[in-house]
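Asker:
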Amino acid sequence: MHLNSQIETALADPDKKILLMTHIVLGYPSLEVNRQVIKQMVENGVDLIEMQIPFSEPMADGPVIVKANQDAIENGITVKECLEFAREMTETHSIPFLFMTYYNILFKYGVEDFFKKAKDMGITGFIIPDLPPEEGEEFFKLTDKYEIAPIMIYAPTSTAERMQELAKYGGGFIYCVARKGVTGQQTDFDEEFDAYIKKCRDNAKLPLAVGFGISSKADVDYLTERADIAVIGTKTIKLVESEGVEAVGPFIAGLR
Amino acid sequence: MHLNSQIETALADPDKKILLMTHIVLGYPSLEVNRQVIKQMVENGVDLIEMQIPFSEPMADGPVIVKANQDAIENGITVKECLEFAREMTETHSIPFLFMTYYNILFKYGVEDFFKKAKDMGITGFIIPDLPPEEGEEFFKLTDKYEIAPIMIYAPTSTAERMQELAKYGGGFIYCVARKGVTGQQTDFDEEFDAYIKKCRDNAKLPLAVGFGISSKADVDYLTERADIAVIGTKTIKLVESEGVEAVGPFIAGLR
Amino acid sequence: MKKTGYYGEWGGAFIPEVLYETFEELNAAFTQVKKDPSFWQEYVSLMSTYSCRPTPLTFAENLSDHFGGARIFIKREDLNHTGAHKANNVMGQGLLVKKMGKKRVIAETGAGQHGVATATMAAKFGLECTIYMGEEDVMRQRPNVFWMEKLGATVVPVTSGSKTLKDAINEAFRDWVTRMEDTHYVMGTVCGPHPFPEMVAWFQSIIGKEARTQIMEQFGKLPSRVYACVGGGSNAMGVFQGFLDEKTVELIGVEAGGKGLDSGQHAARLAGKDASAGVAQGYKTMFLQNDDGQMMDTHSVAAGLDYVGVSPILTDLWKSGRVRFAAATDREVMEALDLTMKKEGIIPALESTHAFVQAFKEAGDMNRDEALIINMSGRGDKDIFTIAHAFDDPSWKAFITQKGAEYAS
Amino acid sequence: MKKTGYYGEWGGAFIPEVLYETFEELNAAFTQVKKDPSFWQEYVSLMSTYSCRPTPLTFAENLSDHFGGARIFIKREDLNHTGAHKANNVMGQGLLVKKMGKKRVIAETGAGQHGVATATMAAKFGLECTIYMGEEDVMRQRPNVFWMEKLGATVVPVTSGSKTLKDAINEAFRDWVTRMEDTHYVMGTVCGPHPFPEMVAWFQSIIGKEARTQIMEQFGKLPSRVYACVGGGSNAMGVFQGFLDEKTVELIGVEAGGKGLDSGQHAARLAGKDASAGVAQGYKTMFLQNDDGQMMDTHSVAAGLDYVGVSPILTDLWKSGRVRFAAATDREVMEALDLTMKKEGIIPALESTHAFVQAFKEAGDMNRDEALIINMSGRGDKDIFTIAHAFDDPSWKAFITQKGAEYAS
Ligand SMILES: Cc1ncc(COP(=O)(O)O)c(C=O)c1O
Ligand SMILES: Cc1ncc(COP(=O)(O)O)c(C=O)c1O
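Taken in sequence, the protein lines are chains A, B, C and D. Each step along the first sequence adds one to the number in this note's numbering, with nothing skipped, and position 59 is 59. To convert, count from 1 in the second sequence and add 1000; that's this note's numbering. To convert, count from 1 in the third sequence and add 2000; that's this note's numbering. To convert, count from 1 in the fourth sequence and add 3000; that's this note's numbering.
As structure tokens, this is what we get:
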């Protein structure tokens, strides 16, 4: 199923004023822990999960995710394992799963091969933070063919013009980066943020996801009615590190 | 009495085929040791003694004498003490005493004052290795007035012309440096040396002293008939250092 | 949709969306100055009063006679202010920063050379300055860190990844995406996203322009070959640009052969067989990476060559055969350094010495009426800790041990 | 009887007789080249292809504005090959040595700068080379010793006297009197017996010639004041010669004030009251000596200024009032160094920084339409051990302690 319609369906649920998307770094601390964490997430109402395939140069990530990428690679995670794990997840859980990774992982695998494989594994979207449309000729040709939604990213520095340009390429939803900087720092939700989200909305037809620094029920509440999807990234990684897998379920349950 | 006539007298002694001049660094290791060493030297037949007033920059000296200069200064020897010691020596012993030092000692004292004082103390000659005649205008004006013989130095590198030039200024004797280099290394007595001494003789009216590296009876024997004065420098300093003051007498006695 | 900054299939600008406008602005500013002859004039004038340009071309008569072949000329980038060609790029970007009205610069540094140059430029232009440097490099290159700090820069040790150059680049980007309005990222070599390769190559082209004029003056004709070491590739691109359009001039890039091309411990992207095409750090080029696309650890005695990627411009010139690539091992480098010091009284940086190695291998087979140019990208005295260590010098070790004991007590 | 090489009552050649012919030969050779314009041409050409001459004159805009007075220009001798003005003298004497057909050179060195320059020249000209260096200095300046050895020179630690520069000079003379036929003594500064002061001043005059042309080009008129640090006096004489005959240009020599002129721990011969006329090391000048004429211990944070004598030419210019003398204390030097690094991105040698101190004291009281020139005799990065130590830098100390521990284990 297309990510667009998956999201439409989810949003149609009258109980859900906002969807939740969470972030997992595959292989950190292990696929086994990922498996447990994802289970807890799904059981506690997460609507979408982006699974990051680790890359040695995670340029757009903050320290927590950088370290997770690095440890996972050091522990020997491979792209092949990530793909197989994805199949297991999509077969086990019915929510949409996306791959988040850097372009080199696709490029080195062979971009089309990677699409084909991801499609096989039941993945419905790709988030590639270092692939602007200008560089995505090959990539964007394949998204329709393999029915994988290319998630476009809006940033607070994006002009309306640029947003409209990006919108042309996007599928699934728009990932609105809540603030400048990398993942994992706190975001200030203020008037400037509101104006930014309004600008995003004005320049997008797809649902809006907001990520970077979302870590509490208060944050999610603030986003409700402003955005369609709240993205929780670094927070759950830190939670698993400090309180273990079991803490994830209650945390997620308490967000909405 | 003039150094010239002192030397003439000494050379007139039929028992002495060659005269012996020794070298003392004043204040090294102490004036008391100097006193004892000089006594031994005189009693065992030394004919002239050059007393070096220590200088912090003994450019023309080798390591042994350099160290002696330095230690003497560190032990606090002063020019005044050297002068007083000279008086004691000239009053105690009847052989001629010369001062050997670097020009700055005179310059700083006041050149004429220094001449006057040295004369008072009974000194009859000066050896100043860093004062070529070109720089000695003031100095050479005073040598006659104070009856202190300026000992000129010939070197193996001196041309006949240069020797004759130097001869014009000299008094007492000519100090022929036996070889290139500084004090304290062995000299090879060979044909080249013979030619050099012949050249010195041909270009000097004064008696010839040969110094630098003279350390044994064999050396002195070799010089006998070639030169008029054999100069023993570093050797006795090393002797006192290694075997004590008492070794000096027998050593000197055995040289001739 | 425009796809710019490509050299053949290499290059591009793989940047996070948040930097899109920053790059638009940078491209606009750069495009404008590049076509403004008065900017280049200003640049040359700055380099000739603040640094020592034109740097000399030195005829190495003793080395030439030693090998008995080509006449060896050395382009003396070591005589630049701060001791390497890095100053050319940095001062050029500094002028651009002033034009753009930014108040702060950031930079990555591996060996520390680019960090010192950037800190210097920042002091000169009154800019705030932060330098990212792998923690490993901070430890190895403490003297450079000391100078950066004394020049007023903040040096941030980078603890992620391999804690070396590539990680410092990532970290600089992370700074930039956080604070792009008032900050310019002074990329240190002809790598990274467009327009950096073009921009750095442009500023460094001053080397080749001068070298060409100088060799014509001093030798009366073009050289047969030009050698340069290749880390990111900036000094090589700098000197090569003086001769690119002369078919008779062979251009040779020399990479870090480390412990040997078969050892897995080297940084030869184009001269070896271990690299493959990839996209990282904002651009597409040949990277030393594994089958999954993860970057590998590299090794070289010369910190400045110890990098996983290489200029997309050079990769294109390699593909087209215009530039030939070779590698010099650590051991060969130490030997060539020794010979160069003793024969010419010149101390090339370990990086630069790689170029000397290859030139020495070939000079003897060339004719005496041919000339070759070696680009000496920097001076070696900055590397005393590495060089004295590599020569295993006992007095140096004793000196450091004693100093260390003094400080410890 | 000719008495040559005097400047007023200062100078001369107080040399052992064994060197008489050597000096005749040297005087003849020097006199000949001095009147041969093609020799100077050869010299300039060597310096512009092997070193980086003309060295730039840098306008220090930030410092000028900081003090709000005279426009400050810096003559950049730090950009010379080997990092200081010492190269000018050494390469010049090297050419002379080749003309005289000698095969070996010797030199004294204090800071090590002149030793490195001489070892460099010897490598370049294929000469055997021995450097005398006080044992204290060998210990303090190990990096320079390392380079001298790597350049092929033999470094002999001098254990006599205060084991510093003056003792190294004595020891070099002792070598020379032993082996003068094939050996030339490359005196490192405008001191020693005639013709050295004249010769070194002549080679160094290239600094002043260039600076004069450059200030006219860049500022349109002569500077009001020119500052230079004074160890032996060679860089000062070098730059001063460009302006000596211009009455309106005030010349200021800056000596090492060490811990203060009243502390007894300094090396101020002309700015202080502790020196008196004397004759040593082959020439007559003002020496720091006691009443008996024994040379005293001197002190400066800058090893290259830490010397008991001073150029007879400068002493004469001091007597006549043509050159004014001042002293900078160690503490003032560290402050001026810090300011210069942060404001201009330039790292002067500790020696050179003395000149900056005095210029900084005076710049603010001068008019904005006046210029002053500071001769930056060398670069400071060679001094990292001293500078980091003087700044009491904790990370540096930790680095050295750790390195030391590695080597010790
Ligand atoms: C002296 C020197 N040469 C060469 C390099 C390599 O860089 P590039 O290949 O960009 O010239 C460096 C980098 O630090 C360097 O310091
Ligand atoms: C950089 C530098 N400046 C100055 C001096 C002092 O010498 P002079 O007064 O002869 O220029 C030295 C001596 O070593 C030096 O290294």
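Don't be surprised by glycine CBs; every beta carbon is placed ideally from N, CA and C.
For a contact defined as C-beta to C-beta under 7 Å, what are the partners of H2081(C) on chain D?
Answerer: Along the third sequence, one-based indexing puts residue 2081(C) at 81. Under the 7 Å cutoff, chain D gives L3079.
Asker: With 8 Å as the limit, tell me which residues of the stretch 2286-2312 of chain C have their beta carbon closer than that to any beta carbon of chain D; keep them in chain order.
Answerer: Against chain D - using a Cβ distance shorter than 8 Å - the stretch 2286-2312 of chain C contributes no residues.
Asker: Within a Cβ cutoff of 6 Å, which residues of the same chain sit near F193(A), ignoring the five residues on either side of it in sequence?
Answerer: The residue you call residue 193(A) lines up with position 193 of the first sequence. Nothing listed; no residue qualifies.
Asker: A3013(D) CB to nearest chain B CB: under 8 Å?
Answerer: As a working note, residue 3013(D) is residue 13 in the fourth sequence. Chain B contact via Cβ: present.
Asker: Report the start-end ranges of each beta strand (DSSP E) in the stretch 2139-2192 of chain C that is 3 residues or longer and not cut off at the edges.
Answerer: Listed in chain order, the complete beta strand (DSSP E) runs (minimum 3 residues) inside the stretch 2139-2192 of chain C are 2154-2158, 2183-2185.
Asker: Taking its Cβ as the centre, do 16 or more other Cβ atoms sit within 10 Å of N2367(C), making it buried, or is it exposed?
Answerer: If you number the third sequence from 1, residue 2367(C) lands on position 367. The residue in question, N2367(C), is exposed, as its Cβ has fewer than 16 Cβ neighbours within 10 Å.
Asker: Determine the extent of the beta strand (DSSP E) in which S3276(D) is found, giving its start and end residues.
Answerer: Locating residue 3276(D) in the fourth sequence gives position 276, counting from the first residue. Residues 3276-3280.
Asker: Is R2179(C) buried or exposed, if buried means 16 or more other CB atoms sit within 10 Å of its CB?
Answerer: The residue given as residue 2179(C) occupies position 179 in the third sequence. By the 10 Å Cβ count, R2179(C) comes out exposed.
Asker: How should G2321(C) be labelled, buried or exposed, when 16 other C-beta atoms within 10 angstroms of its C-beta is the threshold for buried?
Answerer: Residue 2321(C) sits at position 321 when you count from the first residue of the third sequence. The residue is exposed, with fewer than 16 neighbouring Cβ atoms inside 10 Å.
Asker: Would K116(A) pass as a contact of Y146(A) if the rule is Cβ separation under 8 Å?
Answerer: On the first sequence, position 116 is the one that residue 116(A) refers to. On the first sequence, position 146 is the one that residue 146(A) refers to. Yes, they are a contact pair.
Asker: In whole angstroms, what separates the C-alpha of T1183(B) from that of Q3265(D)?
Answerer: Locating residue 1183(B) in the second sequence gives position 183, counting from the first residue. Locating residue 3265(D) in the fourth sequence gives position 265, counting from the first residue. Roughly 33 Å separates the two Cα atoms.
Asker: For chain D, check one thing: does any of its Cβ atoms lie closer than 8 Å to the Cβ of A2405(C)?
Answerer: Locating residue 2405(C) in the third sequence gives position 405, where the first residue counts as 1. Interface residue, yes.
Asker: Taking the alpha-carbon positions, what's the I3169(D) to G2220(C) distance?
Answerer: The sequence position of residue 3169(D) within the fourth sequence is 169, counting from 1. The sequence position of residue 2220(C) within the third sequence is 220, counting from 1. Rounded to whole angstroms, I3169(D) to G2220(C) spans 45 Å at the Cα level.
Asker: Round the Cβ separation of K3124(D) and G2345(C) to the nearest angstrom and send it over; I've been treating them as touching at under 8 Å.
Answerer: By one-based count along the fourth sequence, residue 3124(D) stands at place 124. By one-based count along the third sequence, residue 2345(C) stands at place 345. Between G2345(C) and K3124(D) the Cβ distance is about 4 Å, and since that is below 8 Å, they are a contact.
Asker: Quick one: which residues of the stretch 3176-3190 of chain D get their C-beta closer than 9 Å to a C-beta of chain B? List them in chain order.
Answerer: Within the stretch 3176-3190 of chain D, the qualifying residues are V3177, T3178, R3179, M3180, E3181.
Asker: Would you please verify whether the beta carbon of P2054(C) is less than 8 Å from any beta carbon of chain A?
Answerer: The count along the third sequence starts at 1 and reaches residue 2054(C) at position 54. Judged by the 8 Å Cβ criterion, P2054(C) is not in contact with chain A.
Asker: Given the structure, does L3096(D) come close to ligand 1, in the sense that its CB is under 7 Å from one of the ligand's heavy atoms?
Answerer: Looking up residue 3096(D) in the fourth sequence gives position 96. Result no, Cβ not under 7 Å from ligand 1.
Asker: Out of E3017(D), F3196(D), V3145(D), which has the shortest C-alpha to C-alpha gap to E1135(B)?
Answerer: Translated into the one-based positions of the second sequence, residue 1135(B) becomes position 135. Nearest of E3017(D), F3196(D), V3145(D) to E1135(B), Cα basis: E3017(D).
Asker: Select from Q2358(C), R2379(C), M2237(C), A2280(C) the residue whose C-alpha is nearest the C-alpha of G2257(C).
Answerer: Taking the first residue of the third sequence as 1, we reach residue 2257(C) at position 257. For G2257(C), the nearest C-alpha among the options comes from Q2358(C).
Asker: By a C-beta neighbour count over all protein chains shown, 10 Å radius and 16 as the cutoff for buried, is Q40(A) buried or exposed?
Answerer: For the purposes of this step, residue 40(A) is identified with residue 40 of the first sequence, where counting begins at 1. Counting Cβ neighbours within 10 Å, Q40(A) comes out buried, since at least 16 surround it.
Asker: Under 8 Å by Cβ, that's how I've got P2348(C) and Y3050(D) pegged, so tell me the actual separation to the nearest angstrom.
Answerer: Your numbering for residue 2348(C) matches position 348 in the third sequence. Your numbering for residue 3050(D) matches position 50 in the fourth sequence. The pair is not a contact, with the Cβ atoms about 14 Å apart (cut-off 8 Å).
Asker: At a CB-CB cut-off below 7 Å, which residues of chain B make contact with F3411(D)?
Answerer: Since the first and last residues shown for chain D are 3001 and 3409, residue 3411(D) lies out of range.
Asker: Using a Cβ cut-off of 7 Å, pull out every chain C residue sitting near S3048(D), in sequence order please.
Answerer: Your numbering for residue 3048(D) matches position 48 in the fourth sequence. P2056, listed in chain order.
Asker: Report, in whole angstroms, the separation of the C-beta atoms of G3242(D) and A3211(D), which I expect to be a contact under 8 Å.
Answerer: By one-based count along the fourth sequence, residue 3242(D) stands at place 242. By one-based count along the fourth sequence, residue 3211(D) stands at place 211. Indeed they touch by this definition, with Cβ atoms about 5 Å apart.
Asker: Taking P3143(D) as the query, report the chain C residues whose CB atoms sit under 7 Å from its CB, ordered along the chain.
Answerer: Your numbering for residue 3143(D) matches position 143 in the fourth sequence. Going along chain C in sequence order, the residues near P3143(D) (Cβ under 7 Å) are I2384.
Asker: As a quick exercise: from I3374(D), D3306(D), K3361(D), pick the residue whose alpha carbon is nearest that of I3215(D).
Answerer: Sequence index remark: in the fourth sequence, residue 3215(D) carries index 215 (1-based). Taking only the C-alpha atoms, the option nearest I3215(D) is I3374(D).
Asker: Is the beta carbon of Q2113(C) within less than 7 Å of some heavy atom of ligand 1?
Answerer: By 1-based counting over the third sequence, the position of residue 2113(C) is 113. Yes, since a heavy atom of ligand 1 falls inside the 7 Å radius drawn around the Cβ of Q2113(C).
Asker: Going by DSSP, which residues form a beta bridge with R2225(C)?
Answerer: Locating residue 2225(C) in the third sequence gives position 225, counting from the first residue. Per DSSP, E2250(C), L2372(C).
Asker: Rank F2399(C), T2329(C), W2040(C), G2260(C) by C-alpha distance to the C-alpha of M2091(C) and give the top, closest one.
Answerer: By one-based count along the third sequence, residue 2091(C) stands at place 91. Taking only the C-alpha atoms, the option nearest M2091(C) is W2040(C).
Asker: Along chain D, which residues have their Cβ under 8 Å away from the Cβ of A2408(C)?
Answerer: Stepping through the third sequence from its first residue, residue 2408(C) is reached at position 408. Neighbours of A2408(C) on chain D, chain order: T3401, G3404, A3405.
Asker: What is the rounded straight-line gap between the Cα of L311(A) and the Cα of P3394(D)?
Answerer: Only positions 1 to 256 of chain A appear in the structure, and residue 311(A) is not among them; the question remains open.
Asker: Can we count V2190(C) as close to ligand 1, meaning its CB is less than 7 Å from some heavy atom?
Answerer: One-based indexing of the third sequence puts residue 2190(C) at position 190. Within the cutoff, so yes.
Asker: Against chain C, does G3345(D) count as a neighbour if the rule is that its beta carbon must be under 8 Å from one of theirs?
Answerer: Within the fourth sequence, residue 3345(D) is the residue found at index 345, counting from 1. G3345(D) counts as touching chain C.
Asker: Return the first residue and the last residue of the beta strand (DSSP E) that K1198(B) is part of.
Answerer: The sequence position of residue 1198(B) within the second sequence is 198, counting from 1. Per DSSP, K1198(B) belongs to no beta strand (DSSP E); it is in the alpha helix (DSSP H), 1191-1202.
Asker: Do we get a CB-CB distance below 8 Å when we pair E8(A) with the residues of chain C?
Answerer: Translated into the one-based positions of the first sequence, residue 8(A) becomes position 8. No, because no Cβ of chain C sits closer than 8 Å to the Cβ of E8(A).
Asker: Roughly how many whole angstroms lie between the Cα atoms of N1069(B) and P1207(B)?
Answerer: By 1-based counting over the second sequence, the position of residue 1069(B) is 69. By 1-based counting over the second sequence, the position of residue 1207(B) is 207. Distance between the alpha carbons of N1069(B) and P1207(B): 28 Å.
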